[in-house]
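Each residue of the sequence shown is one higher than the one before, starting from 21 at the first, in this note's numbering. All residues carry an ideal CB built from backbone N, CA and C; glycine is no exception. Predicted model only: the values in this text are computed from it and were never measured. Written out below as structure tokens is the structure these notes cover.
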Amino acid sequence: MKVLVVHPRFGVFGGGEFLAINVMQALHEMGHDVYLRSIDYSEEGVERAFGIKPSLAGILPLADFKPRFRKALALQRAISVKRQRGKVARTYMQFDQVWHTQTAYWVESPPGARLFNIFYDPTDIFIIGSIYSKQYTGESIIRIPSSTFKKPYYYFIKRILRTDVELRNALSIPLSRSLEVTLSKFHYPHTVFITAPASLKFKPGLKKKQVALVTRMTTHKRIEDFLAIARMLPQYRFVLLGAISETERRLMPGYADNLIKVKPSNVDYIEKRLWTVPEVLEESAVYLYPAIEEAINISFMQGCGAGCIPVAPDVGGGAELINKLKLGYTYTDLREAANSIAEAIEHPKWSPQEIRTRAEAFDEAHFRDNIKSISKGEYPLSREN
């Protein structure tokens, strides 16, 4: 069987790229010929970053998106992608299955091939807006925006990309229970949720009174909350391991630099990749994940694999992971977060090894088994499909 994986951007070497690698490896282990379509894939870079060399039958190119204007970037991107998508989709006739592992922007109904879409970012279907400030109950936490401008703007982009039509022709695979509910709300065919793969190569070390966060330096990661909590706890060291791509620097000029300028003195900012400084996770007592996202964050899971006590807002993917692990702390405001961190550091309820043992349920082997089952049509679909 010939299979194509579409992952346009590979240069960040983050959780999405680790997920794509594991999809490719799972399909290869099934005996399939796996091809990748990407803009910037580097075999050497992937092997250096993840210690894995995916077995690929071939790499197919994609043209890079280069905006002409600073305004209306989503619209410009949609037009550019739509132009390419038709050309790319004609090549799908060569494949039995097509897997999209990064963005629904590229989902196009493939002639003759079965289409799969890994779903971990609801903004891809333009559900952009505020998140309910309430405890996670299993229902979707994303609202459609109320802005009178955004509604027609994003509706127009969805029409260009034919998002509704294409996702009704795909089988989406949500990476959290909340994302599963979101897909059900829009009646897109999907499986029951699976958990993203977490590399557990980072193991518990000698723990220090230290709090870690591994993140891309973007606005939706709520890094400001991480810094605000650090100011409340000057007696502890906070380590912010950040990364920002050239594209993100262009789209958010000065954002990361301005954050670092105002960080408190007990926050150390390190702009390196995690594999070069594993001690950030291995020596930290707590992993603070301040973002409110529907997907379960891979770096957050890696922190648990390294024996860090997880702390996150009481809504979103972070809370869902804590509920699954049955350990850690959730918070409703920053003061509660600071109190929970102090409690976790001074009076830990769980040993690092106990946390790691529970995190092993989310390793890449379990994820690959789920991908194989989905590929063979053996993984359960949502009840409404």
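Measuring CB to CB, does residue i end up less than 7 Å from residue j?
i	j	result
residue 102	residue 180	yes
residue 61	residue 211	no
residue 233	residue 308	yes
residue 225	residue 302	yes
residue 321	residue 258	no
residue 76	residue 54	yes
residue 298	residue 206	no
residue 305	residue 373	no
residue 330	residue 342	yes
residue 192	residue 115	no
residue 217	residue 85	no
residue 379	residue 324	yes
residue 40	residue 127	no
residue 187	residue 173	no
residue 300	residue 247	no
Could you tell me which of the options sits nearest to residue i, measuring between CA atoms?
i	options	result
residue 108	96, 33, 27	27
residue 313	23, 47, 202	202
residue 81	105, 64, 47	105
residue 68	31, 94, 357, 92	31
residue 395	46, 366, 200, 209	46
residue 263	390, 243, 325, 254	243
residue 279	253, 172, 241	241
residue 310	362, 250, 304	250
residue 64	51, 33, 50, 83	33
residue 235	57, 66, 319	319
residue 239	277, 49, 83	277
residue 347	377, 275, 390, 389	377
residue 99	182, 133, 111	182
residue 197	49, 362, 340	340
residue 185	200, 124, 328, 199	124
residue 110	291, 133, 287	133
residue 328	288, 96, 87, 375	375
residue 389	291, 215, 292	215
Going by other Cβ atoms of all chains shown within 10 Å of its Cβ, with 16 needed for buried, is residue i buried or exposed?
i	result
residue 89	exposed
residue 120	buried
residue 335	buried
residue 227	buried
residue 282	exposed
residue 71	exposed
residue 385	exposed
residue 294	buried
residue 333	buried
residue 57	buried
residue 266	exposed
residue 401	exposed
residue 162	Low confidence applies to residue 162: its pLDDT is 39, below 50, so where it sits in the model is not reliable, and the reading given next is rough at best. Counting Cβ neighbours within 10 Å, residue 162 comes out buried, since at least 16 surround it.
residue 29	buried
residue 296	exposed
residue 200	buried
Can you tell me the Cα-Cα spacing of residue i and residue j, whole angstroms?
i	j	result
residue 78	residue 237	32 Å
residue 350	residue 195	20 Å
residue 353	residue 35	27 Å
residue 94	residue 213	28 Å
residue 117	residue 24	6 Å
residue 73	residue 37	12 Å
residue 406	residue 252	Outside the displayed span of the chain (21 to 405) sits residue 406, for which this structure offers no information.
residue 22	residue 51	9 Å
residue 245	residue 83	37 Å
residue 371	residue 357	20 Å
residue 326	residue 359	22 Å
residue 92	residue 273	16 Å
residue 220	residue 392	21 Å
residue 337	residue 345	12 Å
residue 368	residue 255	17 Å
residue 59	residue 355	43 Å
residue 204	residue 112	27 Å
residue 361	residue 287	15 Å
residue 165	residue 137	Residue placement at residue 165 is poorly supported in this model, since its pLDDT is 43, which falls under 50; the coordinates still yield a value, given next. Roughly 24 Å between the two C-alpha positions.
**Message:** Runs of 3 residues minimum, wholly inside the region 295-354: which ones carry the beta strand (DSSP E) assignment?
**Reply:** If we require 3 residues or more, the beta strand (DSSP E) runs fully inside the region 295-354 come out as 304-308, 329-333, 349-351.
**Message:** Please give the ranges of any beta strand (DSSP E) in the region 29-86, keeping only runs that are unbroken, at least 3 residues long and fully inside the region.
**Reply:** 53-58, 78-81, all fully within the region 29-86.
**Item:** 3 or more residues per run - each beta strand (DSSP E) lying fully within the region 104-132
**Value:** Runs found: 117-120.
**Length at least 4, wholly inside the region 194-224: the alpha helix (DSSP H) runs in chain order** = Listed in chain order, they are 197-205.
**Length-filtered (3 minimum) beta strand (DSSP E) runs lying within the region 269-296** = As far as the region 269-296 is concerned, its whole beta strand (DSSP E) runs of at least 3 residues are 287-290.
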